[in-house]
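Written below as structure tokens is the structure these notes are about.
Residue numbers (this note's numbering), protein chains in the order written: chain A, 2 to 165; chain B, 32 to 143.
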């Protein structure tokens, strides 16, 4: 893949990747953009190892998820307190903040793995097979995480009017 | 909970993330990094080398005569087909199944 093709892939994938990381980082836009940038740079440096057997976006999301895990591991080692309260970014309007609050509240009902899988499957419209590849979790385990996530979110979604 | 309700919720809460110079900053950063080296596919070379080694060994170790003897003994085996014992059949079936399993694993491994 040439530099021009890679730049085109960046333009196509930056929005879904940054949204995925933003939601994974509980709305910390600065942190999610840092991780997204790191993921794109790693992808560029390892373009040779992309063999084209999966979609480029799947490969990219896998790299980004690994970067996120690395960051989480390091930040857990060096500080256990500071991360949680940096929710919501400065350039959001009030409506967006309210909408995002609803989303984060629903996601808060899930554990880490369920949140990850739900974001990929429902928010980013990835197939179950792609979710399995990105997260390195077996397909059947992905399915059972989704059904458990549905149960965990159902109460909250009912309370805000999504069960009719 | 119905899947369509969850889909609706996530569709309605899907954020739009503006580029806001992210791509430009990334491209500027990539300009400072050396371009990745092009991929070199050595598989054809490796296959050719090993095929050549195999052929040389086949000739040096008298592979042709061994092959002829083997084919001859296969012929005699089919002549006495009625005398084959059940354990021979079981072992042949097991071997074929093992070869299929290994082949399937190898294909899956390559695809990953």
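Yeah, the Cβ is synthetic: ideal placement off N, Cα and C, and Gly gets one too.
Please report how far the alpha carbon of residue i lies from the alpha carbon of residue j, in whole angstroms.
i	j	result
residue 41/A	residue 22/A	13 Å
residue 69/A	residue 66/B	24 Å
residue 86/A	residue 26/A	Reliability fails at residue 86/A, whose pLDDT of 49 lies under 50, so the model's placement of it is uncertain and the value that follows must be treated cautiously. Taking the straight line joining both Cα atoms gives about 11 Å.
residue 116/B	residue 106/B	17 Å
residue 137/A	residue 118/A	11 Å
residue 47/B	residue 157/A	23 Å
residue 43/A	residue 52/B	19 Å
residue 88/A	residue 29/A	Because the pLDDT at residue 88/A is just 49, under 50, the model does not fix this residue reliably, and the point stays unresolved.
residue 119/B	residue 104/B	16 Å
residue 116/A	residue 60/B	31 Å
residue 92/B	residue 100/B	14 Å
residue 134/B	residue 64/B	41 Å
residue 131/B	residue 124/B	11 Å
residue 89/B	residue 75/B	21 Å
residue 2/A	residue 55/B	19 Å
residue 15/A	residue 64/A	13 Å
residue 128/B	residue 122/B	10 Å
residue 162/A	residue 146/A	23 Å
residue 85/B	residue 31/A	58 Å
residue 76/A	residue 41/B	29 Å
residue 83/B	residue 38/B	58 Å
residue 94/B	residue 87/B	10 Å
residue 80/B	residue 11/A	40 Å
Reducing DSSP to helix, strand and coil, say where residue i ends up.
i	result
residue 83/B	helix
residue 3/A	coil
residue 71/B	coil
residue 47/B	coil
residue 116/B	coil
residue 107/A	helix
residue 126/A	coil
residue 85/A	In this prediction, residue 85/A scores a pLDDT of 49, lower than 50, which makes its location untrustworthy; the coordinate-derived value is nonetheless stated afterwards. The answer is coil: DSSP assigns residue 85/A none of H, G, I, E or B.
residue 53/A	coil
residue 33/B	coil
residue 132/B	helix
residue 18/A	helix
residue 38/B	helix
residue 143/B	Here the model assigns residue 143/B a pLDDT of 48, short of 50, so the residue's position is not dependable and the matter cannot be decided.
residue 27/A	coil
Alpha carbons only, please: which of the options is nearest the one belonging to residue i?
i	options	result
residue 45/B	74/A, 106/A, 63/A and 125/A	125/A
residue 62/B	19/A, 8/A, 138/A and 144/A	8/A
residue 71/B	51/A, 57/A and 58/A	51/A
residue 107/A	33/A, 159/A and 128/A	159/A
residue 38/A	79/B, 68/B, 50/B and 131/B	50/B
residue 133/A	55/A, 30/A, 20/A and 79/A	55/A
residue 13/A	58/A, 30/A, 32/A and 29/A	58/A
residue 17/A	2/A, 61/A and 49/A	61/A
residue 19/A	3/A, 6/A, 46/A and 66/A	66/A
residue 143/A	123/A, 73/A and 162/A	123/A
residue 4/A	79/B, 57/B, 33/B and 37/B	57/B
residue 150/A	127/A, 111/A and 163/A	111/A
residue 72/A	153/A, 36/A, 31/A and 163/A	36/A
residue 49/A	79/B, 73/B, 68/B and 78/B	68/B
residue 6/A	45/A, 113/A and 33/A	45/A
Residue i lies in the alpha helix (DSSP H); which residues open and close that run?
i	result
residue 38/A	30-46
residue 115/A	113-119
residue 152/A	140-160
residue 68/A	57-79
residue 57/B	53-62
residue 130/A	129-136
residue 110/B	94-110
Confirm the yes/no value for this check: CB of residue i, any heavy atom of the ligand COA, distance under 7 Å.
i	result
residue 99/B	By its list of ligands, the structure shown contains no ligand whatsoever, and the ligand COA lies outside what it can speak to.
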